[in-house]
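Following: one structure in structure tokens, then a few remarks.
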Amino acid sequence: ANPSPVVVAAAAAVVVRKRGARTALHRLTGMRAAVWVVVWNLLGRVWRRVRGRHLTQFPPHPIAPRILDVEEAVLATDWEGSPAPLELRTASSRAEVRRTIEEGHALLRRTVASDAPCLTPFGRFAHARQWRDMVAIREGFARQMEEKGAAVVVRGDLGARPVVVAGLHRTGTTLLLNLLAQDPAARSPEMWEMMVPPARILAEGKAACVRAERASLAKAESVVPGYLREVHKFHHFDYDLPEEDCLLLRHIFPNPCDLWGFYGGGEVTRWFCEHADTLGTYQYRYLHAWLRWLRAEVPHPGEEHWVLKNPNHSFHLAALRREFPDADVVVTHRDPARAVASWAAMMLRVHITGLSDDCAPLDLAQYGRAILGHFVAASEALVRGCQQDDRIHHISFATLVADPIACIQSLYGRLGRPFTPAYRQRLERYLHQHARHKHGKAAYSLEDVGLSPALVQDQMQTYLSYFGSYL
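Residues 281 to 751 (the numbering used here) make up the sequence shown, in order.
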């Protein structure tokens with residue numbers, strides 16, 4: 281009897297795996313996909329060659345038009361203390377915003393359908409599944425508004441003025457978020473609250489949802505053994521901890537780091553930069569609605585103000601300010617050469633199964649150029665945003681790491697917020713329990729991805745000239 285295609289592919293995958301045992305990415309990260317993922321990728325590449333199309337197709341449309349109508353109706357309504365954005369006030373302006381976002385999704389679908397992205401067949405599957413999950417959460421939120429009415433949002437309460445952490449990736453934004461979240465009066469969106477459909481949030485509660493999401497995440501270890509260990513060296517996360525609000529914003533459109541990382545720049549990223557303000561207007565109104573809903577439906581004891589964090593705020597500071605006009609915005613800064621090297625190393629580990637396999641090793645130099653392109657675009661947007669908003673506060677990464685409590689106390693003084701003894705005690709306890717490099721220290725350098733300090737300095741001149749005093 282002839283062997284099945286799967287058996288043949290499995291045998292071939294073992295051979296390919298052995299031949300590719302010392303690919304540059306594997307040597308660099310110490311991580312590699314399980315054999316069954318190699319089989320998947322090999323079959324996917326054969327399928328593409330024989331059938332002329334990819335094994336996994338990107339979803340044909342991100343969200344049903346009827347759901348969009350419900351969502352837009354809520355976002356375009358004047359809420360208690362928060363009028364609707366001008367861009368959503370009229371039917372014609374809402375239609376223009378919808379056309380713009382749909383244009384971006386159409387461009388994404390065309391790009392993913394091509395061979396342009398540096399995505400493996402398994403990476404395409406994971407990418408499509410993630411997008412499906414995001415659409416399900418977005419549709420679930422719209423149904424909450426439709427079935428229960430939008431009063432919880434319209435007449436809801438955001439709380440006292442929020443604190444919003446921005447800054448380029450790997451500049452201390454996560455550390456600052458976790459420190460600010462220790463304030464007994466603060467609340468930050470937790471990871472489970474942004475990755476579980478609203479109906480499940482209400483029906484199952486925190487403990488059950490966190491258990492289910494952790495069990496799902498554990499499957500990553502069957503894809504890439506050691507995945508969580510390596511990623512946590514850069515960014516420790518868990519479903520019951522504060523996390524960045526990009527997990528909500530990406531319901532509307534993928535995160536910029538995915539656009540540059542997976543698509544390597546090009547037409548998609550040019551489109552994003554051109555339409556960042558329109559995207560931001562809609563995304564922040566959506567984020568605002570979620571925060572009001574969470575505050576009403578999933579209250580936390582003692583919460584008075586939100587603490588939000590997302591390095592991608594750098595692209596949308598004007599839109600952020602329009603939606604949250606009284607927010608205290610804080611931007612972190614770090615030597616770009618260190619930040620770029622750290623971000624490239626982290627993203628290679630986060631996206632390892634989607635970016636490379638033994639059949640087609642990733643071009644690390646090309647990837648490095650894409651990561652630098654992301655940093656340059658984000659830094660230039662950050663400079664423009666700060667030039668237009670003199671109420672933004674700035675923190676040096678070096679200062680934050682050297683004496684976190686003194687840094688927070690100084691920041692609270694500038695913000696006019698009370699730095700209470702209870703807050704100090706919680707900061708001390710947090711820092712004692714979360715020492716730097718608690719989860720291990722990863723080695724990395726710009727040279728790993730074909731970059732150099734001189735090249736980064738040359739490309740980041742706009743940022744260095746404007747923010748040099750904070751570095």
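Cβ coordinates follow ideal geometry from the N, Cα and C atoms, glycine included.
Requested in this report: Measure the Cβ-Cβ separation of Gly506 and Ala650 and say whether it is below 8 angstroms.
Outcome: Start at 1 with the first residue of the sequence shown, and residue 506 comes out as number 226. Start at 1 with the first residue of the sequence shown, and residue 650 comes out as number 370. The answer is no: Cβ separation not under 8 angstroms.
Query raised in the report: Near Ser373, which residues of its chain fall below 6 angstroms by C-beta distance, leaving aside the five closest residues on each side in sequence?
Result: For the purposes of this step, residue 373 is taken as residue 93 along the sequence shown, with counting starting at 1. So the qualifying residues of the chain are Glu367.
Query raised in the report: Of all the options Ala466, Ala492 and Ala465, which has the alpha carbon lying nearest to the alpha carbon of Val476?
Result: Taking the sequence shown and counting its residues from 1, the one referred to as residue 476 is at position 196. Comparing C-alpha distances from Val476 to each of Ala466, Ala492 and Ala465 shows the shortest one belongs to Ala492.
Query raised in the report: Which stretch, first to last residue, makes up the alpha helix (DSSP H) that contains Ala799?
Result: The question about residue 799 has no answer here: the residues shown for the chain are numbered 281 through 751.
Query raised in the report: Buried or exposed: which applies to Ala371, given that a residue is buried once 16 or more other Cβ atoms fall within 10 Å of its Cβ?
Result: Here residue 371 is taken as the residue at index 91 of the sequence shown, counted from 1. Classified as exposed, Ala371 has fewer than 16 neighbouring CB atoms from the shown chains inside 10 Å of its CB.
Query raised in the report: Hey, how far is the Cα of Glu376 from the Cα of His593?
Result: For the purposes of this step, residue 376 is identified with residue 96 of the sequence shown, where counting begins at 1. For the purposes of this step, residue 593 is identified with residue 313 of the sequence shown, where counting begins at 1. Rounded to whole angstroms, Glu376 to His593 spans 23 angstroms at the Cα level.
Report task. Would you kindly work out how many angstroms separate the C-alpha atoms of His674 and His334, rounded to a whole number? Result -> What you label residue 674 is simply residue 394 of the sequence shown in a count that begins at 1. What you label residue 334 is simply residue 54 of the sequence shown in a count that begins at 1. His674 and His334 have their alpha carbons spaced roughly 46 angstroms apart.
**Report entry** Alpha carbon of Asn535 to alpha carbon of Leu529, nearest angstrom
**Finding:** Within the sequence shown, the letter at position 255 stands for residue 535. Within the sequence shown, the letter at position 249 stands for residue 529. Our two residues, Asn535 and Leu529, have alpha carbons roughly 8 angstroms apart in a direct line.
Query raised in the report: Applying the criterion that 16 or more other CB atoms from any shown protein chain within 10 Å of the CB defines a buried residue, is Arg404 buried or exposed?
Result: The residue you call residue 404 lines up with position 124 of the sequence shown. Buried: at least 16 other Cβ atoms inside 10 Å.
Query raised in the report: What three-state label does DSSP hand Lys428 in the structure shown?
Result: The residue labelled residue 428 in the question sits at position 148 within the sequence shown. Of the three classes helix, strand and coil, the one that applies to Lys428 here is helix, per DSSP.
Report task. Please determine, among Lys721, Cys537, Ala598 and Ala702, the residue with the shortest C-alpha to C-alpha distance to Ala657. Result -> On the sequence shown, residue 657 is found 377 positions in, with the first residue counted as 1. The residue among Lys721, Cys537, Ala598 and Ala702 with its C-alpha nearest the C-alpha of Ala657 is Cys537.
Query raised in the report: Out of Gly420, Ala314 and Ala353, which has the shortest C-alpha to C-alpha gap to Ile343?
Result: As a working mapping, residue 343 is identified with position 63 in the sequence shown. Looking at the Cα atoms, Gly420 is the closest of the given residues.
Report task. Compute the Euclidean distance between the alpha carbons of Ile381 and Leu559, then round it to the nearest angstrom. Result -> In the sequence shown, the residue the question calls residue 381 occupies position 101. In the sequence shown, the residue the question calls residue 559 occupies position 279. Roughly 7 angstroms separates the two Cα atoms.
**Report entry** Proximity below 8 angstroms, CB of Phe677 to CB of Thr451
**Finding:** If you number the sequence shown from 1, residue 677 lands on position 397. If you number the sequence shown from 1, residue 451 lands on position 171. Contact: yes.
Report task. Go through the segment 436 to 491 residue by residue and report every complete run of the alpha helix (DSSP H) that reaches 4 residues or more, in order. Result -> 453 to 460 and 471 to 475, all fully within the segment 436 to 491.
Query raised in the report: In terms of alpha-carbon separation, which member of Ala440, Val444, Arg664 and Ala446 lies closest to Thr742?
Result: For the purposes of this step, residue 742 is taken as the residue at position 462 of the sequence shown. Comparing Cα positions, the closest option is Arg664.
Query - Alpha carbon of Gln739 to alpha carbon of His654, nearest angstrom - result: Looking up residue 739 in the sequence shown gives position 459. Looking up residue 654 in the sequence shown gives position 374. C-alpha separation (whole angstroms): 11 angstroms.
Requested in this report: With DSSP as the reference, please indicate the residues paired to His613 in a beta bridge.
Outcome: The residue given as residue 613 occupies position 333 in the sequence shown. Paired residues: Ser676.
Query raised in the report: In angstroms, rounded to a whole number, what distance separates the CA positions of Pro701 and Ile632?
Result: On the sequence shown, position 421 is the one that residue 701 refers to. On the sequence shown, position 352 is the one that residue 632 refers to. About 44 angstroms.
Query - Val490 versus Ala500 - alpha carbon distance - result: Counting from one through the sequence shown, the residue named residue 490 turns up at place 210. Counting from one through the sequence shown, the residue named residue 500 turns up at place 220. Straight-line Cα distance between these residues: approximately 16 angstroms.
Query raised in the report: Do Asp413 and Met471 have their C-beta atoms closer together than 8 angstroms?
Result: Residue numbering aside, residue 413 sits at position 133 when the sequence shown is read from its first letter. Residue numbering aside, residue 471 sits at position 191 when the sequence shown is read from its first letter. Met471 sits away from Asp413, with the two beta carbons spaced by 8 angstroms or more.
Report task. With distances taken Cα to Cα, identify the nearest neighbour of Val434 among His512, Phe533, Glu351 and Pro442. Result -> The count along the sequence shown starts at 1 and reaches residue 434 at position 154. Here the closest residue by C-alpha is Glu351.
Query - Nearest-angstrom beta carbon gap, Ala599 and Asp248 [assumed within contact, 8 angstroms] - result: Because the chain here runs from 281 to 751, residue 248 falls outside it and cannot be looked at.
Query raised in the report: Using the rule of at least 16 other Cβ atoms within 10 Å of the residue's Cβ for burial, across every protein chain shown, is Val611 buried or exposed?
Result: The residue given as residue 611 occupies position 331 in the sequence shown. Per the 10 Å Cβ criterion, buried.
Query raised in the report: Going by the CB atoms, is the gap between Val445 and Leu456 shorter than 8 angstroms?
Result: As a working note, residue 456 is residue 176 in the sequence shown. As a working note, residue 445 is residue 165 in the sequence shown. With respect to the 8 angstroms criterion, Leu456 and Val445 are classified as neighbours on the basis of their beta carbons.
Report task. Pick out the complete alpha helix (DSSP H) segments inside the segment 552 to 578, 4 residues or longer, and give them in chain order. Result -> Whole alpha helix (DSSP H) segments, 4+ residues: 556 to 577.
Report task. Would you please state the rounded distance, in angstroms, between the beta carbons of Thr453 and Pro591? I believe it to be under 8 angstroms. Result -> By 1-based counting over the sequence shown, the position of residue 453 is 173. By 1-based counting over the sequence shown, the position of residue 591 is 311. Approximately 5 angstroms separates the beta-carbon atoms of Thr453 and Pro591; this is inside 8 angstroms, confirming the contact.
Query raised in the report: Ordered along the chain, which non-local residues of its own chain (more than five positions away) have a Cβ less than 7 angstroms from that of His585?
Result: Position 305 of the sequence shown, counted from the start, is the residue given in the question as residue 585. The answer, listed in chain order, is Gly439, Ala440, Arg441, Pro442, Val443, Ala465 and Ala466.
Report task. Check whether the Cβ atoms of Arg602 and Pro345 lie closer than 8 angstroms to each other. Result -> Residue 602 sits at position 322 when you count from the first residue of the sequence shown. Residue 345 sits at position 65 when you count from the first residue of the sequence shown. No, Cβ-Cβ distance for Arg602 and Pro345 is not below 8 angstroms.
Report task. Have a look at the DSSP bridge pairing and note the partners of Trp586. Result -> Here the question's residue 586 lines up with position 306 in the sequence shown. Under DSSP, Trp586 takes part in a beta bridge, and its partners are Arg467.
Query raised in the report: Roughly how many angstroms lie between the CA atoms of Arg716 and Val511, to the nearest whole one?
Result: Reading the sequence shown from its first residue, position 436 is the one you call residue 716. Reading the sequence shown from its first residue, position 231 is the one you call residue 511. Taking the CA atoms as reference points, Arg716 sits about 15 angstroms from Val511.
Query raised in the report: By DSSP, does Ser502 sit in helix, in strand, or in coil?
Result: Here residue 502 is taken as the residue at index 222 of the sequence shown, counted from 1. Of the three classes helix, strand and coil, the one that applies to Ser502 here is helix, per DSSP.
Requested in this report: Spatial neighbours of Gly436 within its chain, please: CB distance less than 6 angstroms, with the 5 preceding and 5 following residues excluded, ordered by chain position.
Outcome: The residue labelled residue 436 in the question sits at position 156 within the sequence shown. Closer than 6 angstroms at Cβ, skipping near neighbours: Arg572 and Ala576.
Query raised in the report: In chain order, what residues of the same chain have a beta carbon less than 6 angstroms from the beta carbon of Ile685, not counting five sequence neighbours either side?
Result: Residue 685 sits at position 405 when you count from the first residue of the sequence shown. Leu707, listed in sequence order.
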